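First comes the structure, then the notes that go with it.
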Amino acid sequence: MNPVISYLILYDKLNVSKSVTPQSKDYAAWYTDVVTKAGLADYGPVKGTMVIRPYGFALWDNIKKIFDSMIKETGHVNAYFPLLIPKSFLAQEAEHVEGFAKECAVVTHTRLKLDEHNGLIVDPESKLEEEVIIRPTSETVIWSMYKKWIQSYRDLPLLINQWANVVRWEMRTRLFLRTTEFLWQEGHTAHATGKEAEEETLLILELYRQLAEDYLAMPVYTGLKSESEKFAGAEQTYSIEAMMGDKRALQAGTSHNLGQNFARAFDVKFQTQDNKEEMVYATSWGVSTRLVGGVIMTHGDDKGLKLPPKIAPYQVVVVPIFRDENKQSIQDYLTPLLSDLRSAGVRVHEDWRKDSPGFKFNEWEMKGVPLRLEVGPKDVENEKVVLVRRDNSEKQIIQKNKIAGLVPQCLDEIQTALFKSAKAFRSENTHTVTTYDEFKDVIANQGGFIRCGWDGTEKSEIAIREDTKATIRVIPFDENFKGLKCIYSGAPARHEVIFAKAY
RNA sequence: CGGGGUGUAGCGCAGCCCGGUUAGCGCGCGUCGUUCGGGACGACGAGGUCGGAGGUUCAAAUCCUCUCACCCCGACCA
Numbered sequence: 026m027n028p029v030i031s032y033l034i035l036y037d038k039l040n041v042s043k044s045v046t047p048q049s050k051d052y053a054a055w056y057t058d059v060v061t062k063a064g065l066a067d068y069g070p071v072k073g074t075m076v077i078r079p080y081g082f083a084l085w086d087n088i089k090k091i092f093d094s095m096i097k098e099t100g101h102v103n104a105y106f107p108l109l110i111p112k113s114f115l116a117q118e119a120e121h122v123e124g125f126a127k128e129c130a131v132v133t134h135t136r137l138k139l140d141e142h143n144g145l146i147v148d149p150e151s152k153l154e155e156e157v158i159i160r161p162t163s164e165t166v167i168w169s170m171y172k173k174w175i176q177s178y179r180d181l182p183l184l185i186n187q188w189a190n191v192v193r194w195e196m197r198t199r200l201f202l203r204t205t206e207f208l209w210q211e212g213h214t215a216h217a218t219g220k221e222a223e224e225e226t227l228l229i230l231e232l233y234r235q236l237a238e239d240y241l242a243m244p245v246y247t248g249l250k251s252e253s254e255k256f257a258g259a260e261q262t263y264s265i266e267a268m269m270g271d272k273r274a275l276q277a278g279t280s281h282n283l284g285q286n287f288a289r290a291f292d293v294k295f296q297t298q299d300n301k302e303e304m305v306y307a308t309s310w311g312v313s314t315r316l317v318g319g320v321i322m323t324h325g326d327d328k329g330l331k332l333p334p335k336i337a338p339y340q341v342v343v344v345p346i347f348r349d350e351n352k353q354s355i356q357d358y359l360t361p362l363l364s365d366l367r368s369a370g371v372r373v374h375e376d377w378r379k380d381s382p383g384f385k386f387n388e389w390e391m392k393g394v395p396l397r398l399e400v401g402p403k404d405v406e407n408e409k410v411v412l413v414r415r416d417n418s419e420k421q422i423i424q425k426n427k428i429a430g431l432v433p434q435c436l437d438e439i440q441t442a443l444f445k446s447a448k449a450f451r452s453e454n455t456h457t458v459t460t461y462d463e464f465k466d467v468i469a470n471q472g473g474f475i476r477c478g479w480d481g482t483e484k485s486e487i488a489i490r491e492d493t494k495a496t497i498r499v500i501p502f503d504e505n506f507k508g509l510k511c512i513y514s515g516a517p518a519r520h521e522v523i524f525a526k527a528y
């Protein structure tokens, strides 16, 4: 055969195959392929919007449940504030407006009507006196309410969270990582003292760290954001920062100490125990559906997703190998086994579709199910089952009466292994450099995190960003800048920081 | 908003330069049969106002004009 023709045939086959673009070829394409082929999400009809499909939503739901119980255990309660906010509210805190004004969706009219050609048009008569914005975040509505609710130190602390959607009109969007509308939780707390607010900010950051590391198996650096990277309207922003499979950084959660900025803006005062009037101290904090993107890019490989067992919608998928004539016997064999597994608290899914086993293996690998249980006629005969791990493809044949004991243990091992390997990947790709030339070389050619000295000036920070596209991700809590020099200016370092290109 | 591109079946595309019968292909989808321990195969079948409007022509997916939509690349963001 003519070599050119055979190449074309091969290429065509690759094109139509069910597999994803390899990470090494195009990481961004890999990501999109995985999100869509694993059935996590789809594009919505309005540019930049996303439909979270049932499998993706189940994943988010698990994350949500875990964090929801964490905050409830620490004394927080849920509430719900409106989607629509008077435009004037946003303007009350100077930095806050500046931060969000450019990406607000604005409601200007309240009606549509049919025009003379029977087309739908905005009814000009319905123009609003005061335009309304769709929340990009809820600080302003919430503080307008807190003004009514807080009078005395006895009303504090006020520890409210809401699970909500917000809209930020983004120019460039990516499924889960940055969409025009996204789901998140936003906590908004009010305190009598600055010290208490700071403690709250740090407590939540710690919960975020636990959520990321202990449940999503996603190692994170925790620390403070630089002045230029902090939230609009905050005194301090803390964040958790993770490394994705392409060595770029993902800001996975932020916790802000808002000081008295919003109290001042909305005039929220309280009476102290000794009858003095004081401004309230505030915090706000959030994690979003972006975490789902983080999980995908922390663990995924060329076969698709790899989900940490603690958040996987299905922890075990059962692929029976059967024909019509032996289906019943395999079902009878499986029923008691799976019931044991389920009562051990394992989330089990059975796949009895008529498709071939090989097809199902690939599909469930794409969907990242941690464990696959195969049962065929041979296993029924030998009283065995076949167990295959998604993370390392390890296959073991085990005695049927052992599965209820072994599976939970195996899930734990997978959880730990995913975290370990992500952490190893991060340390392999975290560099220390001594010169700025070296810095530029690493960022341009290797990628990853660079831990180095910074003189603390915005000037150096901006210069580095413009030169290299790398930004200060975080000033880690465990920084040690003694003896370090700023990688850019050579001046004595004020901080040790982590630089990276970020999502 | 500046530069580049694409609109043809659910998805991915060919056809367009050089107008000419019933507009094709792959995947997917439906029915039936044979298969089933790593992406099965065969037979039959459903599915299209060729983005929209106008024009040129005996004849337009194909040529011309206008229009709409979307995608990719450069300043912001969880």
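Residue numbering for the first sequence follows this note's numbering, starting at 26 and increasing by one per position. Glycine is no exception: its CB is placed at the ideal position from the N, C-alpha and C atoms. This structure is a prediction, so every number in the text was calculated from the model and none was measured.
Excluding the five sequence neighbours on either side, which residues of its own chain have a C-beta within less than 6 Å of the C-beta of residue i, listed in chain order?
| i | result |
| --- | --- |
| Ala63 | Gly329, Leu330, Met391 and Lys392 |
| Leu145 | Leu137 |
| Lys38 | Only weak support exists for where Lys38 lies, its pLDDT of 35 falling under 50; the coordinates are left without a value. |
| Val413 | Arg397 and Lys420 |
| Ile30 | Bear in mind that a pLDDT of 31 at Ile30, under 50, signals an unreliable position, so the number given afterwards is only what the model happens to contain. No residues qualify anywhere along the chain. |
Look up residue i in the DSSP assignment and say whether it is helix, strand or coil.
| i | result |
| --- | --- |
| Val410 | strand |
| Ala495 | coil |
| Gln285 | coil |
| Cys511 | strand |
| Ser485 | helix |
| Trp188 | strand |
| Tyr36 | Only weak support is given to the placement of Tyr36: the predicted model assigns it a pLDDT of 34, under 50, and the value that follows is read from those uncertain coordinates. Tyr36: helix per DSSP, three-state reduction. |
| Asn103 | strand |
| Tyr339 | coil |
| Val45 | coil |
| Met196 | coil |
| Glu390 | helix |
| Met75 | strand |
| Glu504 | coil |
| Pro28 | Because Pro28 sits at a pLDDT of 31, beneath the cut-off of 50, its placement in the model cannot be relied upon, and the following sentence gives the value as read from the coordinates. DSSP places Pro28 in helix when its eight states are reduced to three. |
| Val60 | helix |
| Glu350 | coil |
From the DSSP secondary-structure annotation, give me the bridge partner or partners of residue i.
| i | result |
| --- | --- |
| Glu303 | Phe295 |
| Leu359 | Leu359 is not bridged to any residue. |
| Phe256 | Its beta-bridge partners do not exist; DSSP assigns none. |
| Ser313 | Trp209 |
| Leu227 | DSSP lists no partner for Leu227. |
| Met170 | Looking at the DSSP assignment, Met170 forms no beta bridge with any residue, so it has no partner. |
| Val344 | Glu399 |
With a CB to CB cut of under 8 Å and the five nearest residues on each side skipped, what residues in its chain are close to residue i?
| i | result |
| --- | --- |
| Pro149 | His134 |
| Glu521 | Arg476, Cys477, Gly478, Trp479, Ile500, Pro501, Glu504, Asn505, Phe506 and Leu509 |
| Arg78 | Gly64, Leu65, Ala66 and Asp67 |
| Phe450 | Met268 and Gly270 |
| Pro28 | Confidence in Pro28 is poor, its pLDDT being 31 and thus under 50, which makes the residue's placement unreliable; the coordinate value appears in the next sentence. Result list for Pro28: empty, nothing under 8 Å. |
In its own chain, which residues sit with a C-beta less than 7 Å from the C-beta of residue i, not counting the 5 before and 5 after it?
| i | result |
| --- | --- |
| Phe114 | Thr165, Val166 and Ser169 |
| Pro334 | Gln340, Pro395, Leu436, Ile439 and Gln440 |
| Arg367 | Val373 |
| Ile34 | Because Ile34 sits at a pLDDT of 32, beneath the cut-off of 50, its placement in the model cannot be relied upon, and the following sentence gives the value as read from the coordinates. Correct list: empty, nothing qualifies. |
| Gly325 | Val59, Gly270 and Lys331 |
| Thr61 | Asp67 |
| Gln296 | Gln176, Ser177, Tyr178 and Glu302 |
| Glu123 | Ala257 |
| Val147 | His134 and Leu137 |
For the alpha helix (DSSP H) that contains residue i, what are its first and last residues?
| i | result |
| --- | --- |
| Tyr528 | Premise fails: Tyr528 is in no alpha helix (DSSP H) and is neither H nor E. |
| His121 | Ala119 to Phe125 |
| Ala242 | Looking at the DSSP string, Ala242 is not in any alpha helix (DSSP H), and its letter there is neither H nor E. |
| Lys112 | Lys112 to Leu115 |
| Lys448 | Ile428 to Glu453 |
| Tyr461 | Tyr461 to Asp466 |
Provide the residue span of the beta strand (DSSP E) that contains residue i, from first to last.
| i | result |
| --- | --- |
| Cys477 | Phe474 to Trp479 |
| Arg136 | Per DSSP, Arg136 belongs to no beta strand (DSSP E) and is neither H nor E. |
| Leu398 | Leu396 to Val400 |
| Tyr263 | Gln261 to Met268 |
| Asp67 | Ala66 to Tyr68 |
| Lys420 | Lys420 to Gln424 |
| Glu375 | Val373 to Glu375 |
| Glu155 | Lys152 to Ile159 |
| Val147 | Leu145 to Val147 |
Note to self: Could you check whether the segment 190-206 touches the segment 172-182, counting it as contact only if at least three pairs of C-beta atoms, one from each stretch, sit closer than 8 Å?
What the structure shows: The answer is no - the segment 172-182 does not touch the segment 190-206, with fewer than three Cβ pairs under 8 Å.
- Query: Touch check for the segment 292-311 and the segment 226-237: three-plus C-beta pairs under 8 Å?
  - Reply: With a cut-off of 8 Å, the segment 226-237 and the segment 292-311 count as touching, because enough Cβ pairs lie within range.
* Counting Cβ pairs, one atom from each stretch, are 3 or more of them under 8 Å apart for the segment 468-487 and the segment 239-256? -> With a cut-off of 8 Å, the segment 239-256 and the segment 468-487 count as touching, because enough Cβ pairs lie within range.
- request: Determine contact between the segment 473-480 and the segment 449-461, defined as no fewer than three beta-carbon pairs at a distance below 8 Å.
  value: The segment 473-480 makes contact with the segment 449-461: 3 or more CB pairs, one atom from each, lie closer than 8 Å.
*Any chance the segment 153-164 sits against the segment 180-195, with 3 or more Cβ pairs inside 8 Å?*
As far as the Cβ criterion goes, the segment 153-164 touches the segment 180-195, which means the pair count is three or higher.
**Prompt:** Does the segment 116-128 come close enough to the segment 82-96 to have 3 or more Cβ pairs within less than 8 Å?
**Reply:** Output reads no: the segment 82-96 does not touch the segment 116-128.
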